[in-house]
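Sequence order for the protein chains is E, C and W. The first sequence begins at 1 in our numbering and counts up one residue at a time. The second sequence begins at 1001 in our numbering and counts up one residue at a time. The third sequence begins at 2001 in our numbering and counts up one residue at a time. First the structure, in the form of structure tokens, and then the observations on it.
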Amino acid sequence: MSSSRKIRVIIAKPGLDGHDRGAKVVARALRDAGMEVIYTGLRQTPEMIVRAAVDEAADVVGLSILSGAHTALFPRIMELLKKEGVENVLVIAGGIIPEDDIPELKKVGIAEVFGPGTPLNEIVDYIKSNVKL
Amino acid sequence: MCDDDVNILEGLKKWEQGLLKDTLSKFPEREKEFTTLSGIPVKRLYTPLDLADRDYNQVQSYPGEYPFTRGVQPTMYRGRFWTMRQYSGFAAAKDTNERFKFLLEQGQTGLSVAFDLPTQIGYDSDDPLARGEVGKVGVAVSSLADMEVLLDSIPLDKVSTSMTINAPAAVLLAMYIAVAEKQGVAMGKLRGTIQNDILKEYAARGTYIYPPRPSMRLITDTFKFCSKNLPLWNMISISGYHIREAGSTATQEVAFTLANGIAYVQAAIDAGLDVDEFASRLSFFFGSHSDFFEEVAKFRAARRLWAEIMHERFRAKNEDSWKMRFHTQTAGCTLTAQQPDNNVVRVTLQALQAVLGGTQSLHTNSRDEALSLPTTESVQIALRTQQIIAHETGVADTVDPLAGSYFVESLTDQIEAKARQYIEEIDKMGGATVAIERGYIQREITDSAYDFQKRVDSKQRIVVGVNKFTVDEEQKFDYMKVNPAAETEQVARLRKLRSTRNNSAVKKALSALKTAAKGETNLLPIIIDAVRAYATIGEICGVLRDVFGEYRSPESV
Amino acid sequence: MKMPAETEALSDNALVDEVLAGKRRALARLITMIENQDPAAVDTLSKLYKHTGRAHIIGITGPPGSGKSSLVTKLTTEYRKRGRTVGIICVDPSSPFTGGALLGDRIRMQEHSLDDDVFMRSMGTRGHLGGLARATSDAVKAIDASGKNVILVETVGAGQSEVEIIEIAHTVLLTDTPSTGDDIQAIKAGIMEIADIFVVNKMDLAGADKKVLEINAMLDLDTSNRSWRPPVLMTNARTGEGVEELVDRLEEHHKYLKESGMLEEKGLKRSREELRDIMELRLTKELMSALQGRKEYEAAIHRIADRDEDPYTVAQRLIAEFLADYQKKKKVKRDV
């Protein structure tokens, strides 16, 4: 088994939302697809997420949120990522994020949003095709 | 085996070796194997043989009689329909109060309050951690002032209210009591429920605050207070819904819920209560998911298993202590964002399952809830769904109509058996609290969730509109958006409250709370005092955070 | 996937400077380069090497479920209280089938997630055996060079295979829990012999005292007459009870190593082993790159499989050829 380049992914749940089924399932799928996955758990502030992304030299940050607080939290996360100089990280999101909000999120740098019903391999393929190693 | 059974066995063999064999050679079946969603094998045909050697009086018995397989009341819906109780809440107390009034006018028979995440986690609306979360998944209640607006013009002696609140349940109960006081309604008359189920928060839902031991203290304090002062109030709603939503199977839903129930009963006994002092006011909460007959059987199995636990294990003497009363919500995780109108059909079937399963109260999801909180139109349809089942179908006119079905009774037995196995496993570990600390329950849930998702992705399980029968052009759907000004307005109200209330009274009350929390006094009366003085939820929970500490999840994936 | 970029935009020297200055992003990126066996990593490490050797490197090993992560968190808290800066490396197993890994230790160490003087990195073993990742040793050097006073390395915790930790740690801490019926667990040879400090965690559970007695009894039987008698401590990593004393002992051990000359001795041994390891790796790499894909090499392999030749003779011949080739090249260079 080779120890060649592995895609390192942080899966985080920003804010107070406690529904982690999707985050955990995606984390397992990414592991099964050969990636190194760090699941940060619940109640992550933007600062904590960005700190993890820096220390772990993450290639991908996956944000899972179902509470509607993404409009407040995501721009802050992107701002901090930029401040810390890790803006090459591929940032994707999932959960309950209304379609109408997606253009604004993409504007601040969220690469893609995966809504309910997305097959797991779609997320895997997207990461493999878009990650900047 | 009796003669009848011998005849059936012969008949069955003849059928299998003749007509069936013939048919299969020409028309193979759709799958090699069929199973329920939780993996119980589903046979082609069930016959009286599946119910052989069974004492009806023992196993199914009669509604209202141990072990309550057929229901906890003798006349069930012939006496009174289940309570139609739609979970609702959003933005500010005033907005939710309007929604409450609308639902009551439309024929809803009980209230169910959804609180926003800051409230559920004991933060005021202006706490930095609350930013962006205020009023989003439920109503923001930071103080008694908000509660008064929330329940404005709602007669608390006539309407029963369920509050989905866990870690700060005591605080919201205190607020409810204080509002009732102002209406002139005595505690003893209040009917309703607080969810108050912290174990499932650790295991599946995530809105915990304090570590297990002080949380159990709060819960048993609440039990003691309620058993003495609120005889009509359900002091806990031991929940399987969230465990199921997090991905567990039906059998796990029953097992983990009842295991948690066992832990609560034991904790209350250890805290000095006699089991019969509180057990009749325990209630439960389940989901109603996709597999029709498995769900109906699940409710019956859960009732029977709990009855045995209370009767045999805890030796409760009062019959009412053996009865599992439960609320059901149709399964949110089965709703699709694609082709949302399909969800009306799903919810209808799931609601029917719950009724056939003998639920005491029911919430039906709205079709747009995979996208957002429900619009008034959608929530009206959800309510009408229950009303049509109740008034037009006749299913409520006889008790436990599916009893005796060879399939349903067989499934009931099997679910009970599987659940029992899990409970034994958990007992061996030392109980639900230990199982949760070890991450056992969480892992089982995630295993099931992952397994299910893989089956959907590989089309072993079909989700209509998602992996089959999809449409390319999704119809644009108008969904509800919470007014963004709600947060700023709530913050302003809160700031005003802090400046106009009697702050020295608040300080005094909080100080008394701190002292009591460090000791062993029952915290309820002290919390009620604090609430009356308009101490905020953040302040009250903050004091308890200082004394109890915060829970750190032993998480994993 | 986009083609791997050339080594980071940061030039070698800039990277070296940033790591020495304690910049997290640089340190994190260097560790990634190390993990990916990026040649530039070696250049950077060789420039940083003289700045290593300052940190106290502590290995934490023990069976799964013994609370290693919680203990690491509490140790960090205590070290921070004493004004020390801390680096943490947590290793988790990579799947031998998919190559992926769930690195699940960071989630248990949230307390320090925003402390600027704590750096934490999760690593997958990526197929490497021995309880650590192949890159762990160099990652430790990087963190050392960045100036952290204490480096805690948490191993996979799979048991007897956990021997690599002795090679990189100054102090090895072995965790265990009170007996849950498995008395033999504690008395496995090999792992017991390498520990400098024993910690019975979860002391609130029944059997903690018994476990301490068992370990001490086993230590009594040790006739190797080491001058450091490993202390056996009890902790409750959830509440922090016992951790203060544990850090006292860790400091004591560090002091002992320095004063007894053991630290120097270990350092010498370590340098010898490391040099050999690096040379072995390089040589093998050179040899294999010379052989890989060559028709004669593949043919030889087939002959060995067919029993027409034996691998010993083939190996001798190939190595002799390689060395002769190398001599020739050297001569050519000189003559040019």
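Don't be surprised by glycine CBs; every beta carbon is placed ideally from N, CA and C. None of the values given here were measured: they were computed from a predicted structure.
Residues of the same chain with a CB within less than 6 Å of the CB of Pro1041 (chain C), apart from the 5 flanking positions on each side, are Thr1035 in chain order. For Asp125 (chain E), none of the residues of chain C pass the 9 Å Cβ criterion, the least Cβ distance being about 12 Å. Around the Cβ of Ala2014 (chain W), a 10 Å sphere holds fewer than 16 other Cβ atoms; the residue is exposed. If one requires a minimum length of 4 residues, the alpha helix (DSSP H) runs lying completely within the region 2076-2159 of chain W are 2136-2145, in chain order.
Separation of the CB atoms of Thr1249 (chain C) and Ser1448 (chain C) is rounded to 5 Å, and the pair is thereby assigned contact status at 8 Å. Bounds of the alpha helix (DSSP H) holding Gly22 (chain E) are Arg21 to Asp32.
Asp1413 (chain C) sits away from Val1072 (chain C), with the two beta carbons spaced by 9 Å or more. Buried is the label assigned to Arg2134 (chain W), since at least 16 other Cβ atoms lie within 10 Å of its Cβ. The residue among W:Pro2096, W:Ile2088, W:Met2109 and W:Phe2097 with its C-alpha nearest the C-alpha of Met2123 (chain W) is W:Ile2088. Around the beta carbon of Lys2202 (chain W), a 10 Å sphere encloses 16 or more other beta carbons of the protein chains shown; the residue is thus reported as buried. Per the DSSP secondary-structure output, Asp2176 (chain W) pairs in a beta bridge with W:Val2200.
When DSSP states are grouped into helix, strand and coil, Arg2025 (chain W) belongs to the helix group.
In the structure shown, the three-state DSSP call for Ile38 (chain E) is strand. With respect to Thr1164 (chain C), Gln1108 (chain C) sits apart: the two C-beta atoms are not nearer than 9 Å.
Counted as a single uninterrupted DSSP element, the stretch harbouring Phe1284 (chain C) is not any alpha helix (DSSP H) but the beta strand (DSSP E) occupying residues Leu1282 to Ser1288. Note on the region 1360-1421 of chain C: whole alpha helix (DSSP H) runs with a minimum of 4 residues are 1376-1392, in chain order. Shown here, Arg2276 (chain W) sits in a helix according to DSSP, grouped into three states. Counting C-beta pairs with one atom in each stretch, the region 17-35 of chain E and the region 1004-1022 of chain C have fewer than three that are closer than 8 Å, which means they do not touch. Identification of residues in the region 62-86 of chain E having a C-beta nearer than 7 Å to some C-beta of chain C yields Ser67, Gly68, Ala69, Thr71, Ala72 and Leu73, given in sequence order.
Looking at the DSSP output, Gln1329 (chain C) bridges to C:Gly1287 and C:His1363. The beta-bridge partner set that DSSP reports for Asn1234 (chain C) consists of C:Thr1193. Under the Cβ distance rule, Ala12 (chain E) does not count among the residues neighbouring chain C, no pair being separated by less than 9 Å. Within chain W, the residues whose beta carbon sits less than 9 Å from that of Thr40 (chain E) are Arg2106, Ile2107, Gln2110 and Ser2113, listed in sequence order. For the beta strand (DSSP E) assignment, the uninterrupted runs of no fewer than 3 residues enclosed by the region 2204-2262 of chain W are, from N- to C-terminal side, 2232-2234. Taken residue by residue, none of the region 2215-2229 of chain W has a beta-carbon sitting less than 7 Å from a beta-carbon on chain E.
One alpha carbon belongs to Ile2107 (chain W), the other to Tyr1406 (chain C), and they sit about 48 Å apart. For Lys13 (chain E), the enclosing beta strand (DSSP E) covers residues Arg8 to Pro14.
Ala2142 (chain W) is positioned such that its CB atom lies no closer than 9 Å to that of Leu2281 (chain W). Looking at the DSSP output, Gly1064 (chain C) shares a beta bridge with no other residue. Any Cβ of chain E closer than 9 Å to the Cβ of Asn2036 (chain W) would place that residue at the interface, and such an atom is present. The beta carbon of Ile2031 (chain W) sits closer than 9 Å to some beta carbon of chain E. According to the DSSP secondary-structure assignment, Ile65 (chain E) is paired through a beta bridge with E:Gly95. The Cβ atoms of Ser2271 (chain W) and Thr2175 (chain W) lie no closer than 9 Å to each other. For His1391 (chain C), the number of other beta carbons within 10 angstroms of its own is below 16, and it is reported as exposed. Taken through DSSP and simplified to helix, strand or coil, Phe1115 (chain C) comes out as strand.
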